[in-house]
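Numbering (UniProt numbering), first residue to last: 1 to 923. Note that CB positions come from ideal geometry on N, CA and C, so glycine has one too. Here is the structure we will look at.
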Amino acid sequence: QRCRGYELPSLEVPGLSRGVWINRYRKQLVRSISSQFLEEIICYMRKLDLLSAEEAGQVQGVSSLSEQVKAVMDLLAGKGSYASQSLQTYIETTNSQLYLHITHLESLQNRYGTGVELGQLERLTNLLLVEGLTDIQQKEHDVMQIEATKGMRNVAKKIPLEKLFLPLSKVSIPPRISVTVGVAGIGKSTLVKLFVCMWAKGEVNKDIIFVLPLTFRELNTYEKLSAERLIRSAFPHITEPSFISNGTARILLILDGLDEFKTPLDFSNTVVCTDPKKEIQVDSLITNIIRGNLFQEASIWVTSRPTAASQIPGGLVDRMTEIRGFGAVEIKDFLDQMFLENKDLSSQVLGQIKANRSLYTMCTVPAFCWISGSSMGYFLKNSTDQSQEMTTVPKTLSEIYSYYFKMALSSDWQEKQKETPRIEQAINNSKKIIGNLGRLAFYGLLKKKYVFYEQDMKAYGIDLSSLQGSLCSRMLLKEEMQFSTVYYFSHLTLQEFLAATYYYASAKRAIFDLFTESGMSWPKFGFLNHFKNAVQRSLQSDDGQLDIFVRFLSGLLSPQVNKLLSGWLLIKDEHNSFRSHVVSFLQSCLNTDYVISSRTVNVMQCLYEVQHMELAKTVEEAMKNESLAGMLTPVNCSALAYLLQVSEVCMEETNLSNCLTYNICKSLLSQLLFCSNLRLDNNKFKDNVMELLGSVLSGKDCQIQKMSLAENQISNKGAKALARSLMVNRSLTVLDLRSNAIGPTGAKALADALKINQVLLSLNLQKNSIGPQGAKKIAEALKQNRNLRELIVPPHPPVVILHCLLSLHSLQWNFIQSKAAKALAQALHSNTSLTSLDLRGNSIGVAGAKAMANALKVNRSLRVLNLQENSLGMDGAICIATALTGNHGLTYVNLQGNRIGQSGAKVIADAIRTNSPRCIVEM
């Protein structure tokens, strides 16, 4: 191969000796040099007499490319600074992309370090692959999302981090726009750091030449930028960003933290810009990059909280993923790491958190797990003092954050000398800092501002030199950026808590609306008026932005929080003046004419924070006693909606039988969506309710796994509504429709759904008069459906088909008769998933028994067969006996009520004794 000849230009790298260049970038060189370029290097080094023919031969004799590169590097490194300088200059002048790639790797490693601790990051290496944002993710506060979904998404598909930017199949292409969402504190920035470190080490996506991580915190400091200036500003070592923008190498541009961007993205009105050198508003620059007008060939990865991610039109997003929260094992491991030197304390903390369902659910978020664990640990370590305020285990959010706050405050002065003046001075200084931080937090919250800069801190009277103690280090984090310093609260909820403490203190003396920072508003006097104003604004909000703020505001009026923070932020017993009025006002907000929203549920959460639980306890007791019938007034429905999220009564099963009407059911839909096991029996539901429930089952965030609608008034129209939802539902595994009136038409609709649905495992159609035609349609569907394990049909329906389709599907008392039984039997020939079939009371007769026996000779999946009261007679018993002779899978057969006589019984007994000794037959 022809060697390239180049003069050695003078090139100085500040702070870097020529002699150490090879050793400094050895790993990057080994990973990045191609076989062709290695040959060119060897040829050029031979021309300079830096490699002999013998040495070149030794290199080429090494088997792998990486070992060959290592051998060349070792040889050149041993020949002094001139050899190292020659290699550096040759790479820079002949392969500028490789040279820049190597220096870029070093820049990232200096910025991000060697990596992150893997102990708590296994969940980050497998992301949830989701199909867009759910309604609750687009509209609700992060905490409300966690509480409603119990911290778990109903998502089956996962994607490893190393495949995040690869095609999903051989015929697809890599995604251009990828979006990863997660609630505040779940680990989005940690995920970005993990990926960048893995890429820099060559562990993932080696096809990507440049990974360019940017944060919206950085972008907030600019008003205007061009695409090329964006690259130069963030990565000064990339002096010629043109090849980044022209797509000559595969680029991944990371935009981390969209929720922290100061300007909303407007994809509808943004002016198109295709010139990478033109400076435009930063928000327009971002929208043009995402739309593909700039960096057309680059892959873009955006991370964000869910509500902010909804700004990006779904049609522009090629792949959406979500970071899952902690599971039970991870919560335990996380707490063990927190209390590494005190395993007993870790176990106690976990036990206390587990005892509170709401807190345990919130601990699926790492940042909240830290706050909650710290607070509970502080309480347990200090509860031995038996001081009056430390004897009650923290249960509410306000109590948890009050303990965290008190822990942070105490650490600042507790170690000082026990001199009263010094302690008082420390407390007063802390109060001043907290007051200013609270004001910053409150008005930042109103502006949806979560990142603050030095000018913000000074504008709110915060002395930066005072932010050194334990209090601020636990509340506020500081990050040095390239051109500025940013500050942000340790977690969104800490900002909301401090905002509530500021509002609480200010509301007692303010004469104007505190929500108007300029002070220009109608006069507003008294704490109660300011409190009502805050709650009303929360109720009117579309995105739940103020929900947690008003919870904390309410919690500051609870007796326990007053005890904890008296002398610090609160005056002892001052809550007594307001509490009863606040409770009355909050309860008045529940008088909604069967219109229940997340805001309504949050009012119940406010009542819980203020520790007024009489209403919720009354409804919960009625749930336990199954005596809700007749008591579900609008106010009680609000309490029920709240209990569906938090009550232990609903953990295993949510039983709302014999108590719901159409209007009540409609008002509870958004809460029913997340009940995993739902019983709605005997509610006199008609087809219009099935339309409502069908809309719930069709939702992509539906988490209902079991639903019983037995003993209602559902006809074929209602069955059709349910069938339509089953065609798209991915969560429901058990559906009980016994004792309704869906008829043959309704059975046909369900059968059509079963041909598509691959999730349902059990279907009960007992006492539905589906008849032979309905049974036949079910049987035909079972030939295609391979997942149904249980099918129960009414007397005279093709029970076999139903059992094949839906595990334990019940067709009893459907009068399917012999023809339908034959159809079901035919389905059993091909169906290998059904394990239980209940055909009792169907009059299948001898002909049906014969068909069933022939099927059982072939079928090996069925374990339970109920043929009770089917008019089999002795001839039918003989048919079943022949089946038992050839089938060794059945473990239970019921032939009671078939008048098989002594002769029939003897034939069955002989068959069992000789061929199926493990099978139990009831005659």
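Going by the beta-carbon positions, is the gap between residue i and residue j smaller than 8 Å?
i, j, result
"L760", "L737", "no"
"T303", "G373", "no"
"S178", "L164", "yes"
"I146", "P366", "no"
"L656", "L680", "yes"
"L87", "I41", "yes"
"T501", "L569", "yes"
"I371", "I353", "no"
"A723", "A749", "yes"
"L828", "L788", "no"
"V601", "L586", "no"
"S698", "V561", "no"
"L528", "R537", "no"
"P306", "L133", "yes"
"S473", "Y453", "no"
"F235", "H104", "yes"
According to DSSP, which residues form a beta bridge with residue i?
i, result
"L75", "Answer is none; L75 lacks a bridge partner."
"F512", "P523"
"residue 924", "For the chain, the structure presents residues 1 to 923; residue 924 sits outside this window and is missing."
"R840", "Per DSSP, none; premise fails for R840."
"E922", "N894"
"D736", "S708 and N764"
"S566", "L570"
"N655", "R679"
"P160", "N126"
Beta carbon of residue i: closer than 7 Å to some heavy atom of the ligand SAH?
i, result
"S657", "Judged by which ligands are present, the structure shown has none, so any question about the ligand SAH falls away."
Between residue i and the rest of its own chain, which residues show a CB-CB distance below 8 Å, the 5 nearest in sequence each way excluded?
i, result
"K381", "L345"
"T891", "R863, V864, R918, C919 and I920"
"K406", "Y378, L564, L565 and W568"
"A721", "D687, M690, E691, L693 and G694"
Spatial neighbours of residue i within its chain, please: CB distance less than 6 Å, with the 5 preceding and 5 following residues excluded, ordered by chain position.
i, result
"S554", "C606, E609 and V610"
"G202", "R31"
"M923", "L895 and A905"
"S597", "none"
"N716", "I742, G743, T745 and G746"
"K262", "N220"
"M874", "I900, G901, S903 and G904"
"Q671", "A641 and L644"
"residue 928", "Because residue 928 is not part of the residues shown, which for the chain are 1 to 923, the question remains open."
"H575", "L557 and N562"
"G247", "E297"
"V20", "none"
"L498", "L437, G438 and A441"
"N288", "C273 and L294"
By Cβ distance below 7 Å, which residues in the same chain neighbour residue i in space, the five residues on each side in sequence not counted?
i, result
"P276", "S226, A227, E228, S245 and L294"
"V907", "A877, I878 and A881"
"L669", "L692 and V696"
"L8", "In this prediction, L8 scores a pLDDT of 34, lower than 50, which makes its location untrustworthy; the coordinate-derived value is nonetheless stated afterwards. These residues qualify, in order along the chain: S86 and T89."
"E711", "D681, N682 and S739"
"I548", "H141, V143, T493 and E496"
"S667", "Y594, V595, I596 and C637"
Using CA coordinates, which residue listed in the options is at the minimum distance from residue i?
i, options, result
"L252", "G151, H101, N768 and V272", "H101"
"C273", "T263, R291, L265 and K262", "R291"
"I286", "Q311, E517, P306 and K666", "Q311"
"L108", "L212, L38, E140 and Q784", "L212"
"Y450", "D463, M475, E711 and L467", "M475"
"N205", "P174, G897, F531 and L127", "P174"
"L884", "E869, M852, L872 and G897", "M852"
"I433", "K458, F326, I91 and L445", "K458"
"D513", "T654, H530, Y504 and A499", "H530"
"residue 941", "R599, L834 and G80", "With the chain running from 1 to 923 in the structure shown, residue 941 is simply not present."
"G327", "C363, Q348, G351 and S358", "C363"
>> Extract the residue ranges of the beta strand (DSSP E) inside the stretch 859-901, only unbroken runs of 3 or more that lie entirely within it.
In response: You should have 864-866 and 892-894.
>> Which complete alpha helix (DSSP H) runs does the UniProt domain "NACHT" (176-308) hold, if anything under 4 residues is left out?
In response: Those alpha helix (DSSP H) runs which fall completely within the UniProt domain "NACHT" (176-308) and span 4+ residues are 188-200, 216-219, 227-234, 242-245 and 282-291.
> Where are the beta strand (DSSP E) runs, 3 residues long or more, that stay fully inside the stretch 432-503, in chain order?
Replying inline: The qualifying runs are 476-480 and 485-489.
> Can you list the alpha helix (DSSP H) stretches of 4 or more residues lying completely in the stretch 29-79, in chain order?
Replying inline: You should have 35-47, 53-60 and 65-77.
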